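Numbering of the sequence shown is given in my numbering, commencing with residue 211 and proceeding in unit increments. These notes concern the structure reproduced below.
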Amino acid sequence: MDDKYMLMIPGPTPVPERVLLAQANHPIGHRTAAFSEVIAEVTENLNWLHQTENNVLTLTASGTGAMEAGIVNFLSPGDHVLVGCNGKFSDRWAEMSEAFGLNVERITAEWGQPLDPEQFREKLEADTNKQIKAAIVTHSETSTGVLNDLETINRHVKNHGQCLIIVDAVTSLGALNLPIDRWGLDVVASGSQKGYMVPPGLGFVAVSEKAWEAYETAKLPRYYLDLGMYRKATEKNSTPFTPPINLMFGLQTSLRMMRAEGLENIFARHQRVTKATREAIRALGLSLLAPDDAASTAVTAISSENVEANRIRSVMQKQFDIELAGGQNQLKGKIFRIGHLGFVSDRDLLTTISSLELTLRELGHESMTPGAGAAAASRVFAQS
Ligand SMILES: Cc1ncc(COP(=O)(O)O)c(C=O)c1O
């Protein structure tokens, strides 16, 4: 049957019809008063979503572009940076930092495990000469479904005093509480195709006053991603370059929807769906990669000893029109991932779990009670 496609990957995420329709409007001139009004509203709502009074700047870029802006604007060649590495996206920070000639020290954890904040504390406390310029952390590591303990790592960074904290919040912004001002996060990068419920194409960077001070002396080359230009333009409800007007219409609508739902409700919905997913997966006799106390509320990574992960994805796609994500790098073929981020409801998850059970049965995974997955998820929904 056509048009029953379900996107259950950790980005791009499903887009509400209201957002799609807003994007279907004819573009307007980006130097007009009407578009300035769009920017003004979007900027105010981005500050609300980020829980910050810092500048939140919008770029025409995917999440990686926002990450790159987070490096080139605040650091200089040879700067010593600590990078937490426990998955594909956190590794990307290290690769990117090396590409820009930074002196990268990796703090690693096995894929599927969270970073150990103690290792950050030791390095930062030992740095009495204040050579470490930034600690770079991926909050929700999408490749493994692991949530890193950003709050504790950030506390150690704050005790250091001078070091910036630079955060990839690509799959945590809008999926769990990230109080930027309360925690004092310096640079926070994210992208539209995740918790924002907008198609890919917009990147966001929140920048603290302390980061702006570093900007003044940072020497890495920058031009299109020079955030100073974005700050100036945004203060005048404008953009330095031609923005993707129609994505901005979509973002305006999605932010209104998020405000109507409320931050607490958005976070609670993500938590509920995450818990239901994990309970259902256990009930189906499959394994969860991330431990319970470090589970991302955006994505759950799953392995099965009996059934090859990509065969599961293939049957889910062909038979039920449900797209699941695969494993990346060394986890390719070993895990599959259910995205439950953004515009995802209890109903979407129940449908996914029931379809997964039928898929597993077809692939010969017999060791489950019929309906066990949906029953486990329903129990979570009934309680919350
Ligand atoms: C945690 C994380 N960081 C960075 C990225 C890269 O974002 P993009 O593909 O939008 O460049 C992703 C994309 O999935 C991600 O999940």
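Glycine included, C-beta positions come from ideal geometry on N, C-alpha and C. Since we're looking at a predicted model, the values are computed, not measured.
Item: Measure the alpha-carbon distance for isoleucine 363 versus leucine 573 and round it to whole angstroms.; Value: 43 Å
Item: If we count Cβ pairs, one from each stretch, closer than 8 Å, do we get three or more for the stretch 549-559 versus the stretch 468-475?; Value: no
Item: Which residue from Pro501, Val380, Gly405, Ile548 puts its Cα closest to that of threonine 274?; Value: Val380
Item: Compute the minimum distance between the beta carbon of threonine 274 and the heavy atoms of ligand 1, and state whether it is under 7 Å.; Value: yes
Item: Check each candidate in Ser594, Ala535, Lys446, Leu568 and name the one with the smallest Cα separation from methionine 218.; Value: Ala535
Item: With a threshold of 7 Å (Cβ to nearest heavy atom), would aspartate 503 be considered close to ligand 3?; Value: Judged by which ligands are present, ligand 3 is missing from the structure shown, whose ligands are ligand 1.
Item: Mapping the DSSP letters down to three states, classify serine 350 as helix, strand or coil.; Value: strand
Item: Since alanine 428 contacts leucine 285 with CB under 8 Å, what's their CB separation in whole angstroms?; Value: 6 Å
Item: Curious, which full-length beta strand (DSSP E) runs of at least 3 residues does the stretch 339-406 contain?; Value: 342-348, 374-378, 397-401
Item: For methionine 211, count neighbouring Cβ atoms within 10 angstroms of its own Cβ and tell me buried if that reaches 16, exposed if not.; Value: exposed
Item: Could you say which of Glu576, Gly581, Phe459 lies nearest to leucine 230 if we only look at CA atoms?; Value: Phe459
Item: Tryptophan 321: which of Asn339, Ser300, Phe310, Val483 sits nearest, CA to CA?; Value: Ser300
Item: Among Ser588, Asp326, Ile281, Pro327, whose alpha-carbon lies nearest the alpha-carbon of glutamate 305?; Value: Ile281
Item: If we ignore side chains and look at the alpha-carbon of each, how far apart do valine 415 and threonine 262 end up?; Value: 12 Å
Item: Kindly list the residues whose CB is nearer than 7 Å to the CB of arginine 523, restricted to its own chain and excluding five residues on each side of it in sequence; keep chain order.; Value: Leu534, Gly536, Phe546
Item: Quick one: give me the first and last residue of the alpha helix (DSSP H) that threonine 463 is part of.; Value: 455-471
Item: Roughly how far, in whole angstroms, is the beta-carbon of leucine 412 from the beta-carbon of leucine 461, given that I think they are within contact range, below 8 Å?; Value: 6 Å
Item: Can you tell which of Ala493, Asn456, Thr348 has the C-alpha that lies nearest to the C-alpha of proline 324?; Value: Thr348
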